[in-house]
Structures are given as C-alpha cells and as structure tokens.
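Visitor: Here it is, the structure, as structure tokens.
Chains as they are written, first to last, in our numbering: chain A, 1 to 310; chain B, 1 to 295.
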C-alpha cells in the first residue's frame with residue numbers, strides 16, 4: 001500500500017458559502033485510508049466537498065488536506081493524487097473509450113506511450129472489451145460508467161472520488177461495480193464513495209462519513225455505526241406461537257415478523273441462555289439465533305433526525 | 001454474460017511507477033490533443049475532410065506561382081507574379097473558414113459534454129486550458145500560413161533566372177517579415193475565434209458568430225466609408241482588415257494605399273491600438289470564461 005503517514009483526508013473547520021447558502025458548515029474530521037462512504041441526502045454538501053478536494057472551489061473558511069497536501073495552497077499537486085468519476089455524463093461521445101482514457105492519462109502527466117498502455121490495462125480491469133475502440137455515443141449506461149471509472153484510474157491515483165458510481169446501472173452492473181470498488185482497496189487505492197444509496201456504502205465501505213445540510217452528522221467505521229440493536233432474531237421450523245408464549249413466561253417480550261422469524265428484546269448473555277433453554281424445552285428445531293444488526297439508514301435517521309433519506 | 005449487461009471482470013491491477021510530468025506536461029498533452037482534434041486525426045474522414053481541404057486551398061497560390069515561374073523561367077518576358085509575400089498574408093478566406101470551423105470544434109464540445117469536469121480534475125488550471133487551446137490553434141494557423149510562403153520562397157529561389165543566391169539577397173527581408181506578419185495574423189484570428197467560441201457551447205452558433213463579427217464589421221466599415229463626409233478613421237472598426245493593416249506595417253512600415261486609413265495621419269497608431277484592443281479583449285474573455293476552475 002502506498003500510503004503517506006497520517007489521515008487520508010483532514011478537514012478543519014471547512015466551510016463553504018455560496019451567497020446566503022451554506023453548503024458546508026464547519027466540517028472538522030480526519031478520515032483514514034480505505035474505502036470511505038460519503039453519504040447524505042441531495043444537497044447535503046457531498047458535491048461541494050468533492051469540488052473542495054479537487055481545488056475547483058476555495059473554502060470560505062477552514063482548510064482541507066488530501067494525503068498531507070493542503071488543497072488551497074497547491075491544488076495541482078492535490079489533484080495529481082486524485083482520480084475523479086463524476087455522476088453526470090462527461091464523456092466526448094465522438095471519441096472511443098481508448099482515446100478518451102489515454103488522453104486523460106496524458107493530461108494527468110503520463111508520457112504518451114505509458115498513457116495508452118495504462119488506458120488498455122484499466123479498460124481491461126473495468127471489463128470494457130472490444131467496444132472500447134468504438135465511439136462512446138453507441139455505449140450503454142453501464143459502459144459509460146465503466147469508462148468514467150477507467151479514466152479515474154488511469155493515472156494510478158492514491159484516492160478515487162466516486163460520485164454515485166452505480167447511478168443508472170442495472171442490478172448486475174451495480175453488483176459488479178460495487179465488487180470492483182470494494183477490491184480497489186486491495187490495489188492500494190483509497191476510495192471516497194459519495195452516494196445517497198446507503199446499501200451501497202454498507203456493502204462496500206469500511207468507514208462512513210454522514211453529512212446533512214452541510215454539517216457532519218457522524219464519522220466512524222461501518223462496524224461502529226452498525227451498532228447492536230438489542231434485538232435477537234430466532235428462526236425455528238414451526239410452533240412459533242408456542243415459542244413466543246414460552247418466552248413471555250420467562251419475561252422476554254417477543255414478536256413474530258412477517259417472514260415468520262421471532263424477534264426478542266434481549267440484553268446480555270443471560271437472556272440468550274433463556275432463549276436457548278425455551279427452544280430446547282419446546283423441542284423446536286433451531287435454524288438461527290443471532291443479534292439483529294442495524295442498517296445505515298436507521299443510523300442516519302436516528303443521528304440526523306430526518307425521516308428518510310431521499 | 002455480455003459486457004453490455006454491465007459485467008465487470010477482474011483482470012488485476014498494476015500500479016504505475018513510471019515518470020510523471022507536472023503542469024507543463026499536461027499543457028503539452030492538451031495542445032497535442034487539440035491539434036489532433038482540429039486536424040481530424042483519429043476521427044472519421046468527414047471530420048478530416050473540411051480542415052484539410054481548407055488548408056490545401058491556402059497552398060494553391062504558392063504552388064501555382066512557382067509552377068508559372070518554372071514554366072516561364074527561360075522566357076524573355078518579365079516573370080509573372082500572381083501573389084506577393086505581403087499579399088499572401090491574410091490573402092485567403094480559407095483561413096477564416098478554417099478558424100470558424102475549428103475554433104468552435106476544439107472548445108464547444110468540452111463545455112457542452114461537460115468534459116471540462118474531467119480535464120480540470122487533472123493538474124491543469126483554467127488559464128492553462130485556455131492558453132493551450134490558443135497555442136494549438138494559433139500554431140496551426142501560423143504553420144498553414146507560413147509553410148506556403150516558404151514553398152513560394154524556396155520555389156522562386158530555385159527557378160530564379162539570376163540564381164538562387166541573387167534571389168535570397170534581394171528578398172532577405174521577407175525572411176523576418178513573413179514570420180512576424182503571419183504570427184500576428186495567427187494570434188489575431190486564434191484569440192478572436194476562441195474567445196467567441198468560449199461564449200457558447202454550440203459549435204454552429206460559435207462558427208456563425210466568428211464569421212458574423214468579421215463580415216458584419218467589414219460591411220459596416222465599407223458602408224461608412226462610402227458615405228460622404230465620413231472620416232477614414234471609421235475603417236478601424238473593420239475587424240477583418242485589422243490584421244492586414246498590421247501586416248502592411250510589418251512589410252511596408254505604413255498602411256497600404258489600398259486602404260482609406262492610410263489617408264489619415266496617425267492611422268497606423270489607430271490600427272495598432274485597435275489590433276491590441278481586439279486581441280487583449282479576446283484573451284481576457286477567454287481567460288474569464290475558464291476562470292471558474294480556479295475560483
């Protein structure tokens with residue numbers, strides 16, 4: 001892993017105002033290397049944060065560093081460490097993916113021959129086959145997304161900024177894209193994945209930064225955030241009602257979910273022992289006994305205090 | 001499973017440990033890609049045809065002139081010149097059409113297709129982008145104005161009855177006048193063409209604007225010139241003629257007698273001021289339009 005010491009990203013009092021609108025409000029955080037999810041509803045400040053990281057706009061107050069490089073003081077150097085995949089269409093449709101990716105490799109400073117070689121390699125990596133030599137105007141949405149990812153990778157960045165990379169993809173394409181993103185960490189490339197799809201983040205990222213209305217809601221590891229809920233899920237073959245009644249007799253509240261599982265409010269190992277004993281007393285075949293883990297949606301709703309993430 | 005359904009294959013990843021250029025390398029790469037685009041390289045034949053045809057037309061007078069000089073080299077008659085070095089600078093409307101075709105093509109799609117967001121995610125600033133485009137188009141205009149002049153010069157030198165050395169000695173001044181005049185012409189057309197193209201994301205609008213500014217200003221100047229009692233100073237609004245006034249200053253030291261502005265004392269100064277103003281405003285507009293990447 002080619003990592004510099006210290007955090008991958010460091011924001012200190014980062015604020016950006018556009019006239020009377022505050023897009024980012026005093027963001028202070030350290031983000032480690034790895035796969036980081038940047039989540040929040042539309043207008044939360046994700047795109048503004050990306051623009052600040054790329055040095056395309058200056059902060060109103062505060063500062064941000066990428067891998068130890070202060071962006072405002074040396075935006076070109078900061079950009080040389082970044083690969084950026086925007087959400088919107090941004091590819092010249094009259095050129096082939098090979099030409100576009102190679103050209104963007106050269107614009108990132110690679111020699112021409114190396115840029116063409118790298119373009120070929122990263123287009124292979126993202127799975128764009130012979131169609132890479134055809135003009136982009138004939139590409140499907142999935143092929144365009146993969147071309148955008150390839151151009152972000154061509155200069156071998158330290159950090160990839162991915163803005164809604166699964167937008168417009170069918171389920172198979174989405175899974176494949178997320179699988180590739182999840183493996184980029186193994187290649188030594190950190191990923192900052194901006195999305196409003198919390199499932200994508202939960203599936204791929206090991207650190208989550210949540211924004212709401214330009215403010216930091218929470219920043220932490222995915223495991224920390226997906227905290228235990230205090231609910232145990234029990235799945236048995238039959239006689240679910242008898243199980244609920246047996247648990248009630250032992251002072252444990254239980255409910256049956258629509259899919260036939262039993263959720264029990266439990267705290268501590270003692271309650272787990274009681275559940276095990278009741279199942280054994282009723283001679284029920286036990287299929288599952290596990291703690292229910294929360295979702296990032298629940299974490300976001302609870303912490304941000306919003307009803308839903310759009 | 002076909003690729004079209006969105007499959008991503010894992011074929012491994014190899015980090016890049018080779019050399020990396022900085023901002024200068026990025027600018028050079030942008031100049032190169034702009035030249036390729038302008039000349040239709042790696043594009044369909046339709047996109048190659050027009051620029052190369054227009055540039056080919058520019059070379060025709062030089063080739064014809066040299067051909068005539070070769071055929072009549074043993075004739076007792078005076079040699080026939082269908083074009084002079086001075087007249088050849090800004091002589092062909094093909095260059096104007098080339099600017100109107102190519103300047104929009106190298107700028108407008110980047111903005112329209114939002115390709116700028118990928119360009120400015122590289123170590124390039126807005127001014128780097130604008131100046132790289134200016135360098136590429138200005139360089140092309142220079143090359144395609146200068147090369148036919150060199151063909152003319154070398155051809156005339158080789159077929160000269162008095163010998164090549166005599167011709168070289170007699171026309172030595174041309175060796176600095178032509179590149180200087182051609183460079184000033186290229187700077188004028190490139191900066192004006194790119195500035196107007198930067199104001200829109202539609203190529204057709206940009207192309208029409210370039211021809212419109214040049215032709216309308218020329219027509220208005222002609223109408224004013226015809227009107228009784230108008231001062232020759234009105235000629236400075238003729239944007240089409242401005243680089244020709246400058247060309248005359250380079251070759252003759254004054255504006256040619258075929259222009260009314262020559263009648264006016266201080267006409268040369270007015271021409272220089274107008275030229276500098278057009279180029280200055282054009283460059284400022286171009287840089288302003290791409291300032292956002294550094295905002």
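Backbone N, C-alpha and C define an ideal beta-carbon position, used for all residues, glycine too. Only a predicted model underlies this, so the values are computations on that prediction, with no experimental measurement involved.
Listing by chain order, which chain A residues have their CB less than 7 angstroms from the CB of residue 286 of chain B?
Guide: Simply none; closest approach about 19 angstroms.
Visitor: With distances taken from CA atoms, which of B:13, B:129, B:56, B:225 is nearest residue 237 of chain B?
Guide: Out of B:13, B:129, B:56, B:225, B:225 has the C-alpha closest to the C-alpha of residue 237 of chain B.
Visitor: Can you round the beta-carbon distance between residue 178 of chain A and residue 204 of chain A to whole angstroms, since I take them to be within the 8 angstroms contact cut?
Guide: That belief holds up - the Cβ atoms of residue 178 of chain A and residue 204 of chain A are roughly 5 angstroms apart, short of 8 angstroms.
Visitor: Can you name the residues of chain B whose CB is closer than 9 angstroms to the CB of residue 88 of chain A?
Guide: Neighbours of residue 88 of chain A on chain B, chain order: 114, 117.
Visitor: Starting from residue 223 of chain A, follow the alpha helix (DSSP H) in both directions and report where the run begins and ends.
Guide: That run of the alpha helix (DSSP H) goes 222-225.
Visitor: Just to check my reading of the structure: residue 325 of chain A and residue 51 of chain B have Cβ atoms closer than 8 angstroms, yes? What is that Cβ distance to the nearest angstrom?
Guide: No answer is possible for residue 325 of chain A: it lies beyond the span of chain A, which begins at 1 and ends at 310.
Visitor: Between the Cα of residue 240 of chain A and those of A:259, A:87, A:162, spot the shortest distance and give me the residue it belongs to.
Guide: The option with the nearest alpha carbon to residue 240 of chain A is A:259.
Visitor: In chain A, which residues lie with their C-beta within 8 angstroms of the C-beta of residue 249 of chain B?
Guide: Neighbours of residue 249 of chain B on chain A: none; closest Cβ ~39 angstroms, over 8 angstroms.
Visitor: In chain order, what residues of the same chain have a beta carbon less than 6 angstroms from the beta carbon of residue 287 of chain A, not counting five sequence neighbours either side?
Guide: If we look at residue 287 of chain A and ignore the five residues flanking it on each side, its Cβ neighbours are 235.
Visitor: Smallest Cα separation from residue 272 of chain B: which of B:258, B:286, B:244, B:284?
Guide: The option with the nearest alpha carbon to residue 272 of chain B is B:244.
Visitor: Can you check which of these residues, A:27, A:71, A:77, A:19, is closest to residue 20 of chain B by C-alpha distance?
Guide: Of A:27, A:71, A:77, A:19, the residue nearest in Cα terms is A:77.
Visitor: Are the C-beta atoms of residue 131 of chain B and some chain A residue less than 8 angstroms apart?
Guide: Chain A, which has no Cβ nearer than 8 angstroms to the Cβ of residue 131 of chain B, makes this no.
Visitor: Step through the CB atoms of chain B and report whether any lies within less than 8 angstroms of the CB of residue 22 of chain A.
Guide: Chain B, which has no Cβ nearer than 8 angstroms to the Cβ of residue 22 of chain A, makes this no.
Visitor: Given that residue 16 of chain B touches chain A, what residues does it touch there, using C-beta distances under 8 angstroms?
Guide: Going along chain A in sequence order, the residues near residue 16 of chain B (Cβ under 8 angstroms) are 110, 114, 118, 155, 156.
Visitor: What is the rounded straight-line gap between the Cα of residue 36 of chain A and the Cα of residue 30 of chain B?
Guide: C-alpha separation (whole angstroms): 32 angstroms.
Visitor: Since residue 230 of chain A contacts residue 266 of chain A with CB under 8 angstroms, what's their CB separation in whole angstroms?
Guide: With 8 angstroms as the limit, residue 230 of chain A and residue 266 of chain A qualify as a contact, their Cβ atoms being about 7 angstroms apart.
Visitor: Please state whether DSSP places residue 309 of chain A in a helix, a strand or coil.
Guide: Because residue 309 of chain A carries a pLDDT of 42, less than 50, the predicted location of this residue cannot be relied on, and the following value inherits that uncertainty. Correct three-state label for residue 309 of chain A: coil.
Visitor: How long is the line joining the alpha carbons of residue 148 of chain A and residue 85 of chain A, rounded to whole angstroms?
Guide: Spanning the two alpha carbons is a distance of roughly 6 angstroms.
Visitor: Using a beta-carbon distance below 8 angstroms, is residue 294 of chain A in contact with chain B?
Guide: Closer than 8 angstroms: no.
Visitor: Under a CB-based cut-off of 8 angstroms, is residue 20 of chain B close to chain A?
Guide: It does; some Cβ of chain A falls within 8 angstroms.
Visitor: Helix, strand or coil: how does DSSP classify residue 82 of chain B here?
Guide: Of the three classes helix, strand and coil, the one that applies to residue 82 of chain B here is coil, per DSSP.
Visitor: According to the neighbour-count rule (16 or more other Cβ atoms, all chains shown, within 10 Å of its Cβ), is residue 106 of chain A buried or exposed?
Guide: The residue is buried, with at least 16 neighbouring Cβ atoms inside 10 Å.
Visitor: Beta-carbon of residue 104 of chain B versus every beta-carbon of chain A: anything under 8 angstroms?
Guide: It does not; no Cβ of chain A falls within 8 angstroms.
Visitor: Kindly indicate which residue of A:33, A:198, A:19 has the alpha-carbon position closest to the one of residue 301 of chain A.
Guide: Nearest of A:33, A:198, A:19 to residue 301 of chain A, Cα basis: A:198.
Visitor: Give the DSSP bridge partners of residue 207 of chain A, in chain order.
Guide: According to DSSP, residue 207 of chain A bridges with A:36, A:221.
Visitor: For a contact defined as C-beta to C-beta under 7 angstroms, what are the partners of residue 25 of chain B on chain A?
Guide: The answer, in chain order, is 109.
Visitor: Find out if the Cβ-Cβ distance for the pair residue 149 of chain B, residue 88 of chain B is shorter than 8 angstroms.
Guide: Yes, the pair counts as a contact, with Cβ atoms nearer than the cut-off.
Visitor: Would you report the Cα separation of residue 37 of chain B and residue 22 of chain B, rounded to the nearest angstrom?
Guide: Taking the straight line from one Cα to the other gives about 23 angstroms.
Visitor: Applying a beta-carbon distance threshold of less than 9 angstroms, which residues of chain B neighbour residue 359 of chain A?
Guide: There is simply no residue 359 of chain A to check, as chain A begins at 1 and stops at 310 in what is shown.
Visitor: So which residues of chain B does residue 151 of chain A contact, with C-beta pairs closer than 8 angstroms?
Guide: Under the 8 angstroms cutoff, chain B gives 118.
Visitor: Out of B:98, B:84, B:285, B:28, state which residue places its alpha-carbon closest to the alpha-carbon of residue 48 of chain B.
Guide: Checked all of B:98, B:84, B:285, B:28; the closest Cα to residue 48 of chain B is B:98.
Visitor: Residues of the segment 10-36 of chain A with a CB closer than 8 angstroms to any CB of chain B: list them in chain order, please.
Guide: Residues: none.
Visitor: Locate the alpha helix (DSSP H) running through residue 146 of chain B, then write down its first and last residues.
Guide: From DSSP, the alpha helix (DSSP H) with residue 146 of chain B extends over 126-159.
Visitor: Are the C-beta of residue 206 of chain B and some C-beta of chain A separated by less than 8 angstroms?
Guide: It does not: the Cβ of residue 206 of chain B has no partner Cβ on chain A nearer than 8 angstroms.
Visitor: Got a sec, what are the start and stop residues for the beta strand (DSSP E) residue 84 of chain A sits in?
Guide: Looking at the DSSP string, the run of the beta strand (DSSP E) that includes residue 84 of chain A is 82-85.
Visitor: Which first and last residues belong to the beta strand (DSSP E) in which residue 66 of chain A is found?
Guide: Element bounds for residue 66 of chain A: 61-66.
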